[in-house]
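Going by the UniProt record's numbering, the sequence shown opens with residue 1, and the numbers climb by one from there. Backbone N, C-alpha and C define an ideal beta-carbon position, used for all residues, glycine too. This structure is a prediction, so every number in the text was calculated from the model and none was measured. Contents: one structure, followed by commentary.
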Amino acid sequence: VMSKGNGRTGAYKHLMTGVSFMLPFVTAGGLLIALAFALGGIYAGDDAHQGTLAWSLFQIGAKAGFTLMVPALAGYIAYSIADRPGIAPGMIGGLVAANLNAGFLGGIIAGFIAGYGVAALNRYIKLPRNLEGLKPVLILPVLGTLVVGLAMMYVFGQPVADLLAWLTAWLRGMQGSSALLLGLLLGGMMAFDMGGPVNKAAYAFSTGLIASQVYTPMAAAMVAGMTPPLGIALATWVFRNRFTAEERGSATAAGVLGLAFVTEGAIPYAARDPLRTIPALVIGSAVAGAISMTAGAELKAPHGGIFVLLIPNAVTHLLNYVLALVVGVVVTAIALRLLKKPVADVVA
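See below:
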């Protein structure tokens with residue numbers, strides 16, 4: 001809980017509101033994806049399985065649940081700041097951010113732009129009394145959406161796209177470097193912004209190499225993507241006083257998402273306390289990626305998490321691969337313990 005003056009607590013409170021509204025989208029969407037893999041195997045979401053229950057669950061979880069995750073975060077940050085007129089600009093801005101690959105960090109920015117933008121418009125736009133009723137339903141949502149939408153498109157759109165392209169090219173250049181270095185890099189990138197340009201570059205680089213029969217980066221990327229939610233789940237169980245009651249309550253779901261390689265399970269925790277949580281996640285995932293690459297573990301599937309391990313020969317060097325996961329998870333939990341401050345509202 002922040003004690004640095006009122007402004008910080010205000011912004012922090014708005015962020016917390018957004019995160020707690022986002023949380024059920026992450027758990028509902030993520031658990032349906034995990035269930036789809038459990039029922040239909042790791043390719044359950046592919047069009048070949050169209051019409052099956054597993055395919056349907058994947059569509060609901062990934063295409064609907066996860067699509068609404070960042071808009072919900074942004075919309076309710078804006079709602080917390082500007083009340084009801086902030087919701088539409090916030091959600092629309094959040095969806096724009098997600099479509100630009102700006103990830104949840106972009107969504108947080110969109111939520112604050114929408115919220116403070118609408119609040120300012122509300123203060124400065126003075127209408128005759130008989131038109132006052134138009135403000136909350138017409139004027140504020142439209143102008144607020146214009147402001148946040150154009151800000152995301154023109155201020156963040158190109159830089160994020162450029163960053164993604166640059167990171168992908170940079171990783172291609174690193175391909176010949178040592179396995180240890182590439183593993184550290186890929187691992188850390190997977191955990192940095194979960195769904196943003198850094199994570200996307202690492203994942204796209206790794207999946208792209210499967211076609212060239214190069215399987216070690218994919219293994220590193222997956223183990224690094226499983227580590228954040230699992231490390232968080234472990235930390236909430238072992239270092240209880242570092243987490244709120246809500247965070248501890250959703251830890252089991254986060255752990256299941258980690259097992260299914262749904263890295264997004266970590267987003268609500270990272271969004272609440274980004275400056276302390278993200279470095280911890282990056283350290284643990286970098287360690288996991290480095291161990292995986294150094295061991296030469298190979299993975300021939302682009303996703304699937306724990307369910308891949310059930311497929312014969314899908315993963316090589318299986319024991320070392322599991323070791324990479326365990327060590328990464330433990331390192332993440334310890335890093336969270338060291339970086340995060342004790343929370344005030346904890347009843348052990």
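### Task
Go through its chain and collect everything with a Cβ distance to V329's Cβ below 6 angstroms, but skip five positions before and after it.
Position 329 of the sequence shown, counted from the start, is the residue given in the question as residue 329. These residues qualify, in order along the chain: T227, L230, G231 and L234.
### Unbroken alpha helix (DSSP H) run spanning E247, endpoints
To locate residue 247, count along the sequence shown from 1; it is residue 247. If you look at E247, you'll find it in the alpha helix (DSSP H) that goes A245 to G249.
### Message
Using C-beta distances below 7 angstroms, list every residue in its chain close to G304, excluding the 5 sequence neighbours before and after it, in chain order.
### Response
Indexing the sequence shown from 1 puts residue 304 at position 304. Cβ neighbours of G304 beyond the five flanking positions: F37, I42 and F261.
### Message
For A64 and S56, I'd like the C-alpha separation in whole angstroms.
### Response
By one-based count along the sequence shown, residue 64 stands at place 64. By one-based count along the sequence shown, residue 56 stands at place 56. So the alpha carbons of these two residues sit roughly 11 angstroms apart.
#### Entry: Secondary structure of V315, DSSP reduced to three states
Taking the sequence shown and counting its residues from 1, the one referred to as residue 315 is at position 315. Here V315 sits in strand by DSSP.
### Query
Where DSSP assigns a beta bridge to L299, which residues make up the other side?
Translated into the one-based positions of the sequence shown, residue 299 becomes position 299. L299 pairs with V315.
### Message
Between the stretch 164 to 174 and the stretch 136 to 153, can you find at least three pairs of beta-carbon atoms closer than 8 angstroms?
### Response
No: the two stretches stay apart, fewer than three of their Cβ pairs being nearer than 8 angstroms.
### Task
Measure the C-alpha to C-alpha separation of G196 and L138 and round it to an integer number of angstroms.
Translated into positions along the sequence shown, residue 196 becomes position 196. Translated into positions along the sequence shown, residue 138 becomes position 138. Using only the alpha carbons, I get a separation of about 32 angstroms.
### Query
Should L15 be labelled buried (16 or more other beta-carbon atoms within 10 Å of its own) or exposed?
By one-based count along the sequence shown, residue 15 stands at place 15. Residue burial is scored here from C-beta neighbours: L15 has at least 16 other C-beta atoms within 10 angstroms and is therefore classed as buried.
### Task
Would you grab the beta carbon distance between G296 and V26 for me? Rounded to a whole angstrom, and I think it's under 8 angstroms.
The sequence position of residue 296 within the sequence shown is 296, counting from 1. The sequence position of residue 26 within the sequence shown is 26, counting from 1. Wrong, their Cβ atoms sit about 33 angstroms apart, outside the cutoff.
### Query
By how many angstroms is the C-alpha of P136 removed from the C-alpha of A288?
Counted from its first residue, the sequence shown places residue 288 at position 288. Counted from its first residue, the sequence shown places residue 136 at position 136. In this structure, the alpha-carbon of A288 lies about 50 angstroms from that of P136.
### Message
Taking a contact to mean a Cβ-Cβ separation below 9 angstroms, would you say A253 touches L31 in this structure?
### Response
For the purposes of this step, residue 253 is taken as residue 253 along the sequence shown, with counting starting at 1. For the purposes of this step, residue 31 is taken as residue 31 along the sequence shown, with counting starting at 1. It is a contact, given that the beta carbons lie within the stated cut-off.
### Query
Count the other CB atoms within 10 Å of the CB of T272; is the residue buried (16 or more) or exposed (fewer)?
Translated into the one-based positions of the sequence shown, residue 272 becomes position 272. One point to set straight first is that residue 272 is Arg, not Thr, in the sequence displayed. Taking every protein chain shown into account, the CB of R272 has 16 or more other CB atoms within 10 angstroms, so this residue is buried.
#### Entry: Where the alpha helix (DSSP H) through Q158 begins and ends
Locating residue 158 in the sequence shown gives position 158, counting from the first residue. That run of the alpha helix (DSSP H) goes Q158 to M174.
### Query
Buried or exposed: D193, going by 16 or more other Cβ atoms within 10 Å of its Cβ?
As a first step, residue 193 is located in the sequence shown; it is residue number 193 there, counting from the start. Under a 10 Å Cβ-count criterion, D193 is classified as buried, with 16 or more other Cβ atoms of the shown protein chains found around its own Cβ.
### Task
Quick one: grab the DSSP three-state call for N101.
In the sequence shown, counting from the first residue as 1, residue 101 sits at position 101. Correct three-state label for N101: coil.
### Message
Given this structure, state the Cα-to-Cα distance separating T263 from A290, to the nearest angstrom.
### Response
For this step, residue 263 is matched to residue 263 along the sequence shown. For this step, residue 290 is matched to residue 290 along the sequence shown. So the alpha carbons of these two residues sit roughly 18 angstroms apart.
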